Amino acid sequence: MAAFLLRRLITGAITLFAVATLCFVLTRTVKGSPFSSEKNLHPEIIKNFERHYGLDQSVWVQYVRTLGGYLTGRLGPSMYYRDVSEVGDLVWPALRTSILLGSAAALLAFGLGVPLGLVASARQNRWPDHLASSVSVLGICVPNFLLGPLLVMALARWLPAGLWPQNLTSWEELRKLILPAVTLAMTHVAYVARLTRAGMLDVISRDYIRTARAKGLSEGAVFLKHVLKNGITPVVSYAGPMVAVLLTGAIVVENIFALPGLGQHFIKAASNRDMNLIMATVLVYSVLVVALNTVVDVLYGVLDPRVRVS
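Going by my numbering, the residue at position 153 of the sequence shown is 317; the numbering climbs one at a time, nothing skipped.
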């Protein structure tokens, strides 16, 4: 296990280095500059801005300075928000919002998807199975950029839309999280339900399940000790990419509900050509993806003894 974690740490560091390098190259090769949107600026003023942010130096010097700053925890100043000397002041509060939204959506995805899959597998080819399958297909087919406005039009009378909870200690504040979390989670509820159903049906037909029943074990013991543990492994393998998508792919939902998440800063940074803010958001997203995939690989090896982490 230690060797596996060390190897994943090394490959993760290489991946993050490659992402940072590629992002740096793209931000420097795209036409335009962070100051091209300013109206009627004198060329000398633009040169002063470039000198202030180090853009007048060679690309190699900028690259080394940028990556060196990341190693020391400095993400650089914002080139659009002139009063922000460190883009981390924008990224970290927004990241907390995105993590809260993604965590709520993940809880909904597992909390609704797994029971739906269990009911469907327990009542195969009966009306609960058909109902769960229909809900799953509907959840997959309706994208969140359509589902969000539909939920707002249907439920905005009872649930707040476009507000963000200031704290999580009261029901009035928690209600503000329901619509964006449901919008973000519905597609993944469908996938989790289908994976749970498929995994359970695959395990139920195995020989060792019939052997456990022949030994006189109750259906509850067979289900909890053998079927559930082995049948849930497809969901665990999907959990890492799913949570990464929930945390990093909430850009559309954050814009629909005007939430102060990291997606808002990413879109504004791209439209304003704020190079440092673009690289900071991309790097934060990349760290989350690498970390979550590593955690899921470890959990998969723990749950399934056939998987050898070596």
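Idealized CB from N, CA, C, for every residue including glycine. A quick note: this is a predicted structure, and the numbers were derived from the prediction, not measured.
8 Å Cβ cutoff met for residue i and residue j
| i | j | result |
| --- | --- | --- |
| alanine 408 | leucine 456 | yes |
| glycine 140 | threonine 230 | A question about residue 140 goes unanswered here, because the residues of the chain that appear run from 165 up to 474. |
| serine 242 | asparagine 440 | yes |
| valine 251 | leucine 280 | no |
| glycine 427 | histidine 352 | no |
| glutamine 288 | leucine 359 | no |
| valine 255 | histidine 429 | yes |
| isoleucine 396 | alanine 354 | no |
| glycine 326 | phenylalanine 421 | yes |
| leucine 463 | valine 400 | yes |
| alanine 376 | valine 386 | yes |
| alanine 258 | glycine 425 | yes |
| serine 262 | leucine 411 | yes |
| leucine 180 | valine 454 | yes |
Cβ distance (whole Å) where residue i is taken to contact residue j below 8 Å
| i | j | result |
| --- | --- | --- |
| proline 198 | tyrosine 244 | 6 Å |
| leucine 265 | leucine 452 | Actually they are not in contact, since the Cβ atoms of leucine 265 and leucine 452 sit about 13 Å apart, beyond 8 Å. |
| arginine 370 | alanine 284 | 18 Å between Cβ atoms; not a contact. |
| arginine 192 | valine 223 | 6 Å |
| valine 356 | glycine 404 | No, valine 356 and glycine 404 are not in contact; Cβ-Cβ is about 13 Å, not under 8 Å. |
| phenylalanine 188 | tyrosine 217 | Not quite, the Cβ-Cβ distance comes to about 14 Å (not below 8 Å), so this is no contact. |
| arginine 431 | isoleucine 415 | The residue asked about is misnamed: residue 431 is isoleucine in this sequence, not arginine. Correct: roughly 7 Å between the Cβ atoms. |
Residue i Cβ short of 7 Å to the ligand MN heavy atom set
| i | result |
| --- | --- |
| leucine 295 | You won't find the ligand MN in this model; it holds no ligand whatsoever. |
Residue-chain proximity (residue i, chain B), Cβ-Cβ < 8 Å
| i | result |
| --- | --- |
| valine 189 | No chain B appears in the structure shown, which is made up of a single protein chain. |
If you pair each beta-carbon of the stretch 427-446 with each one of the stretch 181-189, do three or more pairs fall below 8 Å?
-> Yes, they touch.
If we count Cβ pairs, one from each stretch, closer than 8 Å, do we get three or more for the stretch 291-309 versus the stretch 335-355?
-> They touch, by the three-pair rule.
What are the start and end residues of each continuous alpha helix (DSSP H) run of 4 or more residues lying completely inside the stretch 419-449, in chain order?
-> Unbroken alpha helix (DSSP H) runs of no fewer than 4 residues, entirely contained in the stretch 419-449, are found at 426-436, following chain order.
Considering only residues of the stretch 354-404, which uninterrupted alpha helix (DSSP H) runs meet the minimum length of 4 residues and lie entirely inside it, listed in chain order?
-> Counting only runs of at least 4 residues, the stretch 354-404 fully encloses the following alpha helix (DSSP H) elements, listed from N- to C-terminal order: 371-378, 383-386, 392-395.
Beta strand (DSSP E) segments (min. 3 residues) lying fully within the stretch 229-279 | DSSP assignment within the stretch 229-279 yields no whole beta strand (DSSP E) run of 3 residues or more.
Spell out a yes or no on whether the stretch 269-280 and the stretch 323-338 are touching, meaning 3 or more CB-CB pairs, one atom from each, closer than 8 Å.
-> Result no; under three Cβ-Cβ pairs closer than 8 Å.
What runs of the alpha helix (DSSP H), each 4 residues or longer, lie entirely inside the stretch 304-342?
-> Counting only runs of 4 or more, we get 308-319, 335-338.
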